[in-house]
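Notes follow the structure.
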Amino acid sequence: MTRAEALITTDVGRAADRLCAGGLVAFPTETVYGLGADATNDDALRRLYAVKGRPAAHPVIVHVASADRLDDLAESPPPYARVLAAAFWPGPLTLVVGRRRGTVSDRATGGRDTVGVRVPDHPLALDLLARVGRGVAAPSANRFGCVSPTTAPHVVAGLDGDVDLVLDGGPCRIGVESTIVDCSTGAPRVLRLGGITVEELRAVLGTDVATGGATAAPGTLPSHYAPKARVEMVAAGEVAARAAELARSGRTTAHLGLEPPDGAPASLLGLARPRDVDEYARVLYARMREADERGVDVLLVVPPPARGIGAAVVDRLHRAARGTS
Ligand code: TXA
Ligand code: MG
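Residue numbering for the sequence shown follows our numbering, beginning at 617 and increasing consecutively.
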């Protein structure tokens, strides 16, 4: 058995025991794999931050098994937060709410008086969280600034010996992280675009929802989610000319987009084309990894329309493009 095989398991009971004993256990969610630690255990959290390479002031999301656990962690959440929890949990939505003291460690919240809470929509994650019975802090299971993992082997490739166990639930269904909504003030504000669309939030709340908040959160820094390859965002009609130019300068170039790159030079590597925007979100990080594995210098990306889940894809592409330019 290889080292990677020894780390990967489908045994939820074993994963729960390891978490309760203070271990770092990666687990699947519908968005991306999380790197879990008991949110009440200071030592486990200290190790989590060290392994991620994440600044201590950046809070992590606390995952729980059901919406009725919100009040365990939150101090009088506003009515609209309850509406969102009822509508979208389990699901790819994180609610930032005023924190109830003495429930999770200060380390999980980066010392803030708010806490990010989420109920993930994945059967193995829900089983795991129910068995653990307390909040599980889980940032995406990648090192700080790297591309989030959407399969168990991605987690092992990125973290190697620094994770105690990886619970394997197959490839993630959504592929980009949860939408984060700040519910700590009088009106909801989207802090990070993600798996629940702004259109869905508006429909449920019956009001407009502000987007783009100032917060020192890693997923909201401009250069995040970046592969080693340089990411260039181009319009569909520009791919052929740009690919030819890059080929002349000797760069290994690949293309990702919904349309075939008509008229491009034969040297342009085609990464398997997503059929629609949902698939685009699902495969985005895997394609970025593939580009790196194939030694690509420049990844020419044609973004999808910025509607629905496409808005989250475009957001991640902008960050990837800025991170490496
Ligand atoms: O889909 C997801 O959300 C995945 C899966 C594993 O659940 N998790 C994830 O975690 O993306 P992470 O740590 O990579 O990103 C969490 C984001 C960060 O930008 C963090 O700063 C923000 O959530 N966050 C967490 N708690 C917060 C708080 N109290 N106030 C503001 N931002 C918060
Ligand atoms: Mg992350």
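A virtual CB, placed ideally from N, CA and C, is assigned to each residue, including glycine.
Owing to the predicted nature of the structure, the values given are computational and were not obtained by experimental measurement.
Query, Result
"Glu848 bridges to which residues according to DSSP?", "Leu916"
"With hydrogens ignored, establish whether the beta-carbon of Ser800 is closer than 7 Å to any heavy atom of ligand 2.", "no"
"Taking Asp894 as part of the alpha helix (DSSP H), name the residues at either end of that continuous run.", "893-909"
"With distances taken between CB atoms, is the gap from Val680 to Gly751 smaller than 8 Å?", "yes"
"Any chance the CB of Glu793 is under 7 Å from a heavy atom of ligand 2?", "yes"
"Within 10 angstroms of the Cβ of Asp737, are there 16 or more other Cβ atoms? Answer buried if so, exposed if not.", "buried"
"With respect to 7 Å, is the separation between the Cβ of Pro755 and the closest non-hydrogen atom of ligand 2 below this value?", "yes"
"Could you pull out every residue in the same chain whose Cβ sits closer than 7 Å to the Cβ of Val771, ignoring the five residues on either side in sequence?", "Ala642, Tyr649, Ala757, Pro765, Val779, Val782"
"Please state whether DSSP places Val735 in a helix, a strand or coil.", "coil"
"Kindly indicate which residue of Ala683, Ala922, Asp684, Lys668 has the alpha-carbon position closest to the one of Asp776.", "Lys668"
"Taking all protein chains shown into account, do 16 or more other C-beta atoms lie within 10 angstroms of the C-beta of Asp654, making it buried, or fewer, making it exposed?", "buried"
"Given this structure, state the Cα-to-Cα distance separating Pro675 from Gly727, to the nearest angstrom.", "8 Å"
"Can you confirm whether the stretch 855-863 touches the stretch 878-886 when touching is taken to mean that 3 or more C-beta pairs between the two stretches lie within less than 8 Å?", "yes"
"Whole-angstrom Cβ separation of Ala928 and Val731, contact assumed at under 8 Å?", "No, Ala928 and Val731 are not in contact; Cβ-Cβ is about 23 Å, not under 8 Å."
"By a C-beta neighbour count over all protein chains shown, 10 Å radius and 16 as the cutoff for buried, is Pro921 buried or exposed?", "exposed"
"Any heavy atom of ligand 2 within a distance shorter than 7 Å of the CB on Ser692?", "no"
"So does Gly650 have its beta carbon nearer than 7 Å to some heavy atom of ligand 1?", "yes"
"What are the start and end residues of the beta strand (DSSP E) that includes His871?", "869-872"
"I need the DSSP call for Arg716, collapsed to helix, strand or coil.", "coil"
"Who pairs with Val680 in a beta bridge, going by DSSP?", "Looking at the DSSP assignment, Val680 forms no beta bridge with any residue, so it has no partner."
"Would you mind working out which of Val914, Thr869, Glu861, Thr823 sits nearest Arg846, comparing C-alpha positions?", "Val914"
"Please report the residue range of the alpha helix (DSSP H) in which Leu807 lies.", "Per DSSP, Leu807 belongs to no alpha helix (DSSP H); it is in the beta strand (DSSP E), 805-808."
"Taking the straight line between their C-alpha atoms, what separation do you get for Val820 and Arg698?", "11 Å"
"Check for me: the beta strand (DSSP E) holding Asp798 runs from which residue to which?", "795-798"
"Short of 7 Å in beta carbon distance, which residues of its chain neighbour Val814, apart from the five on each side in sequence? Order them along the chain.", "Val806, Val825, Thr827, Ala927"
"When you compare only the Cα positions, how much space is there between Tyr696 and Thr801?", "11 Å"
"Say the cut is 7 Å; is the CB of Ser764 nearer than that to a heavy atom of ligand 2?", "yes"
"CB Ile796 to CB Gly707, shorter than 8 Å?", "no"
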